[in-house]
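Asks: The listed protein sequences derive, respectively, from chains A and B.
So that you can map any letter, position 247 of the first sequence is 270 in the working numbering, and since no number is skipped, the others follow by simple counting.
So that you can map any letter, position 56 of the second sequence is 79 in the working numbering, and since no number is skipped, the others follow by simple counting.
Sharing a structure below in structure tokens format, with a few things to ask.
There are 2 protein chains.
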Amino acid sequence: MSVHFKTATIIGVGLLGGSLGLALKERKLADRVRGVGRRQESLDKAVAVGAVDEVSLDARAACEGADLVVVCTPAAMVTSTLDMIQPACGPDCVVTDVASTKAEICDHARRTWPRPCRFVGSHPMAGSEKFGPENACSDLYEASVTFVEIGDVLDSHTRESVKALWEAVGSQTVDVRPSVHDSLVARTSHIPHIAAACMAILAAREGDVQAFAGKGFRDATRIAGGRPEIWRDICLTNGRAIVAGLEDLIHDLSEVCDLITDGDASGLDALFADGNAARQRVVSEP
Amino acid sequence: MSVHFKTATIIGVGLLGGSLGLALKERKLADRVRGVGRRQESLDKAVAVGAVDEVSLDARAACEGADLVVVCTPAAMVTSTLDMIQPACGPDCVVTDVASTKAEICDHARRTWPRPCRFVGSHPMAGSEKFGPENACSDLYEASVTFVEIGDVLDSHTRESVKALWEAVGSQTVDVRPSVHDSLVARTSHIPHIAAACMAILAAREGDVQAFAGKGFRDATRIAGGRPEIWRDICLTNGRAIVAGLEDLIHDLSEVCDLITDGDASGLDALFADGNAARQRVVSEP
């Protein structure tokens with residue numbers, strides 16, 4: 024499916040929003056890109072890097088007449104943004120977001136938007152430790168995977184347009200129910216991030232530990248370098264799945280303590296063989 | 024201090040032992056390198072790659088007349104190897120090991136060897152996912168850090184020789200008490216490894232999770248790819264420090280569950296800011 028928009032409105036022009044604007048313009052997927060932000064300074068930067076053609080501090084007004092709206096705010100602000108813009112989004116407007124948690128946002132939209140629902144949630148797995156429109160790049164979504172919501176009440180044309188949008192900027196789309204998405208991403212991203220933060224704190228508590236931190240420690244804790252506010256929002260919007268997964272992890276770690284205390288060599292052998300095989304299975308190409 | 028040995032005996036000619044043999048020969052640090060193994064096949068490989076000059080299946084006999092003995096067996100076999108070779112090690116023989124846990128081994132040597140003790144434990148932080156003499160390389164220890172035991176009953180000449188040995192093959196030495204070593208390495212290496220194994224298992228349990236495993240997951244779980252028997256031995260020989268650290272980690276993860284369940288935004292902000300700062304402190308140059 025080829026895709027083209029007359030007016031694309033991007034709410035939140037940070038790394039993800041700014042990069043989407045650049046990609047839309049570079050690939051001529053939209054005639055005009057509007058950027059919405061809370062601070063004029065960010066909007067000025069987004070214009071300066073060429074990510075948007077026009078800017079606004081008023082999200083609702085910027086959605087009037089748009090045929091594509093992409094909410095790129097922090098995850099915790101998506102539902103309130105959707106409430107604000109819903110009256111302004113016309114009957115042919117395709118609306119999506121980029122938040123890395125989906126169930127809370129998609130459930131909210133299903134409850135509050137007219138049916139068939141023209142908001143279809145997305146989660147592009149793209150980004151880096153960098154942030155802000157000044158780091159935007161038109162190929163940020165190339166070779167990424169984007170999860171796109173599936174569900175009974177979604178407008179099918181909107182869903183196809185959202186998928187076509189992400190594919191047009193270089194991403195591979197994967198259909199997923201929001202609750203399944205959140206449970207899996209809790210285990211592959213959110214919990215590893217929380218564990219990395221806790222392990223860095225655990226090591227630092229011991230004082231002069233620098234000489235002991237080799238490549239393994241660097242790799243294992245690299246993701247602890249992310250922005251605190253993003254991870255706070257992820258925890259707040261995906262709390263149920265994260266706590267369920269953390270409880271499983273705590274249970275498994277307690278079992279390892281028992282294996283060690285019991286000197287259970289074959290149990291420990293099995294644990295590390297299982298870990299090795301599990302990782303190979305998970306990181307193999309789908 | 025410059026260092027030179029007439030006869031260096033390396034017990035266990037895997038990746039670490041084989042690489043040490045290559046480095047000793049290439050840098051002309053030993054006139055003759057003897058390799059000891061349990062299987063003729065490994066010994067033949069060690070000869071083929073040029074890591075050793077002569078080989079033996081008898082560790083005790085191979086220590087007779089040696090002025091350097093380096094025990095490169097798996098960690099769980101070091102104490103029994105020391106018991107076996109101790110009568111054969113002459114009064115001028117420098118004896119060390121390469122195991123990545125130190126307290127159990129060094130405590131054992133202190134109890135069983137004559138004083139001043141001519142066994143001084145080492146732990147070079149070198150290696151890779153590869154193993155076996157066929158992967159040995161003469162520069163394995165270049166730019167590594169090697170921990171060298173400090174303690175009251177150690178023979179000071181032996182200690183200086185052990186430090187000089189590691190420095191001569193390109194490593195930077197750091198003096199440390201065995202119990203401190205084990206506690207720190209539990210937190211920077213052993214626990215991250217156990218957590219990586221458990222997180223890989225946690226993710227794999229969910230089935231079709233491949234699309235969800237991005238770079239963060241790959242980095243965070245890379246160390247789960249190690250050899251099960253090595254990590255089993257580490258758990259068995261450093262159990263006390265690992266269990267103590269794991270209990271701290273479990274406690275901290277439980278607190279994160281509480282923060283999420285309580286919707287404590289500022290507590291979560293603080294957690295991720297602390298994690299970020301802790302990692303920066305730990306991975307900065309000492």
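Note that CB positions come from ideal geometry on N, CA and C, so glycine has one too.
Chain A partners of B/P215, CB-CB under 8 Å?
Replies: Your numbering for residue 215 of chain B matches position 192 in the second sequence. Per Cβ cutoff of 8 Å: M222, G239, F240, A243, T244.
Asks: Can you find a CB in chain B that lies within less than 8 Å of the CB of A/M148?
Replies: Within the first sequence, residue 148 of chain A is the residue found at index 125, counting from 1. It does; some Cβ of chain B falls within 8 Å.
Asks: Exposed or buried, A/D256, counting other C-beta atoms within 10 Å across all chains shown (16 or more means buried)?
Replies: Taking the first sequence and counting its residues from 1, one reaches residue 256 of chain A at position 233. Label assigned to A/D256: buried.
Asks: Counting only C-beta atoms, is B/E127 closer than 8 Å to chain A at any point?
Replies: For the purposes of this step, residue 127 of chain B is taken as residue 104 along the second sequence, with counting starting at 1. No, B/E127 does not count as interfacial toward chain A.
Asks: Relative to the C-alpha of B/P215, which residue among A/F235, A/V26, A/A187, A/S202 is closest?
Replies: Locating residue 215 of chain B in the second sequence gives position 192, counting from the first residue. When only C-alpha atoms are compared, the closest one is A/F235.
Asks: Consult DSSP for B/T119 and reduce its assignment to one of helix, strand or coil.
Replies: Numbered from its first residue, the second sequence carries residue 119 of chain B at position 96. Looking at B/T119 - three-state DSSP - the assignment turns out to be strand.
Asks: With 16 other CB atoms within 10 Å as the buried threshold, where does B/A277 fall?
Replies: The residue given as residue 277 of chain B occupies position 254 in the second sequence. It should be pointed out that residue 277 of chain B corresponds to Ser in this sequence rather than to Ala. It counts as exposed.
Asks: Is it the case that the Cβ atoms of A/V78 and A/T119 are separated by a distance below 8 Å?
Replies: Locating residue 78 of chain A in the first sequence gives position 55, counting from the first residue. Locating residue 119 of chain A in the first sequence gives position 96, counting from the first residue. No, the pair does not count as a contact, with Cβ atoms beyond the cut-off.
Asks: Can you name the residues that DSSP bridges to A/E77?
Replies: Numbered from its first residue, the first sequence carries residue 77 of chain A at position 54. A/E77 pairs with A/R57.
Asks: Just list the beta strand (DSSP E) runs in the segment 129-180 of chain A, keeping only unbroken ones of 3 residues or longer that don't cross its boundaries, in chain order.
Replies: Segments of the beta strand (DSSP E) lying fully in the segment 129-180 of chain A: 145-147, 168-172.
Asks: What do you reckon, are the CB atoms on A/C95 and A/G144 nearer than 8 Å?
Replies: Sequence index remark: in the first sequence, residue 95 of chain A carries index 72 (1-based). Sequence index remark: in the first sequence, residue 144 of chain A carries index 121 (1-based). It is not a contact, given that the beta carbons lie outside the stated cut-off.
Asks: Among the candidates B/W189, B/G35, B/L47, B/E172, whose CA atom is the shortest distance from the CA of B/R61?
Replies: Within the second sequence, numbered from 1, the residue matching residue 61 of chain B stands at position 38. When only C-alpha atoms are compared, the closest one is B/G35.
Asks: Using a threshold of 8 Å, state whether the C-beta atoms of B/A227 and A/V266 are closer than that.
Replies: Residue numbering aside, residue 227 of chain B sits at position 204 when the second sequence is read from its first letter. Residue numbering aside, residue 266 of chain A sits at position 243 when the first sequence is read from its first letter. No.
Asks: From the DSSP output, in three-state form, read off B/V93 for me.
Replies: Looking up residue 93 of chain B in the second sequence gives position 70. DSSP places B/V93 in strand when its eight states are reduced to three.
Asks: Would you kindly report the start and end of the unbroken alpha helix (DSSP H) that includes A/K48?
Replies: Translated into the one-based positions of the first sequence, residue 48 of chain A becomes position 25. Element bounds for A/K48: 38-49.
Asks: Does the beta-carbon distance from B/A15 to B/A247 come in below 8 Å?
Replies: This structure cannot settle anything about residue 15 of chain B, because the visible part of chain B is limited to 24 through 309.
Asks: Counting only C-beta atoms, is A/A234 closer than 8 Å to chain E at any point?
Replies: The chain inventory of the structure shown lacks chain E, comprising the protein chains A and B.
Asks: Give the interface partners of B/E172 over in chain A, defined as CB-CB distance under 7 Å, in chain order.
Replies: As a first step, residue 172 of chain B is located in the second sequence; it is residue number 149 there, counting from the start. Ordered by position in chain A, no residue passes the 7 Å Cβ test against B/E172, which lies about 14 Å from the chain.
Asks: What does DSSP give as the partner residues of A/D271 in its beta bridges?
Replies: Here the question's residue 271 of chain A lines up with position 248 in the first sequence. DSSP output for A/D271 lists no bridge partner at all.
Asks: Quick one: is A/K238 buried, meaning 16 or more other Cβ sit within 10 Å of its Cβ, or exposed?
Replies: The residue you call residue 238 of chain A lines up with position 215 of the first sequence. Exposed, because fewer than 16 other Cβ atoms sit within 10 Å of the Cβ of A/K238.
Asks: Whose Cβ in chain B lies nearer than 8 Å to the Cβ of A/L356?
Replies: Coverage of chain A is limited to positions 24 through 309, which leaves residue 356 of chain A absent and any answer about it impossible.
Asks: For a contact meaning CB atoms closer than 8 Å, what does A/S212 contact in chain B?
Replies: In the first sequence, residue 212 of chain A corresponds to position 189, counting from 1. Neighbours of A/S212 on chain B, chain order: F235, G237, G239, F240.
Asks: Please list, in chain order, the chain A residues whose beta carbon lies closer than 7 Å to that of B/V168.
Replies: Working through the second sequence from its first residue, we reach residue 168 of chain B at position 145. Going along chain A in sequence order, the residues near B/V168 (Cβ under 7 Å) are A234.
Asks: What number of angstroms, rounded off, separates the C-alpha of B/S202 from the C-alpha of B/K125?
Replies: Taking the first residue of the second sequence as position 1, residue 202 of chain B is located at position 179. Taking the first residue of the second sequence as position 1, residue 125 of chain B is located at position 102. Computed Cα separation, rounded: 7 Å.
Asks: Compare the Cα-Cα distances from B/R245 to each of B/A218, B/G268, B/V232, B/L269 and report the closest residue.
Replies: The residue you call residue 245 of chain B lines up with position 222 of the second sequence. Comparing Cα-Cα distances from B/R245 to each of B/A218, B/G268, B/V232, B/L269, the minimum goes to B/A218.
Asks: Just to confirm, are B/D178 and B/C140 a CB contact at a threshold of 8 Å?
Replies: For this step, residue 178 of chain B is matched to residue 155 along the second sequence. For this step, residue 140 of chain B is matched to residue 117 along the second sequence. Taking 8 Å as the Cβ cut-off, B/D178 and B/C140 qualify as a contacting pair.
Asks: Check whether the segment 154-170 of chain B and the segment 41-55 of chain B touch, using three or more Cβ-Cβ pairs below 8 Å as the test.
Replies: A contact exists between the segment 154-170 of chain B and the segment 41-55 of chain B.
Asks: Under 8 Å, Cβ to Cβ, is there at least one residue of chain A near B/S123?
Replies: The residue labelled residue 123 of chain B in the question sits at position 100 within the second sequence. No, B/S123 lies away from the interface with chain A (no Cβ there is under 8 Å from its Cβ).
Asks: Assign A/P147 to buried or exposed, taking buried as 16 or more other Cβ atoms, counted over all protein chains shown, within 10 Å of its Cβ.
Replies: As a working mapping, residue 147 of chain A is identified with position 124 in the first sequence. The residue in question, A/P147, is buried, as its Cβ has 16 or more Cβ neighbours within 10 Å.
Asks: Taking 8 Å as the CB-CB cut-off, is A/L225 touching chain B?
Replies: As a working note, residue 225 of chain A is residue 202 in the first sequence. Closer than 8 Å to some Cβ of chain B, the Cβ of A/L225 qualifies, so yes.
Asks: Can you give the Cα-Cα distance for A/W273 and A/M222, rounded to whole angstroms?
Replies: Residue mapping note: residue 273 of chain A aligns to position 250 of the first sequence, counting from 1. Residue mapping note: residue 222 of chain A aligns to position 199 of the first sequence, counting from 1. A small fix is needed here, since residue 273 of chain A is Ile in this sequence, not Trp. Those two C-alpha atoms are separated by around 14 Å.
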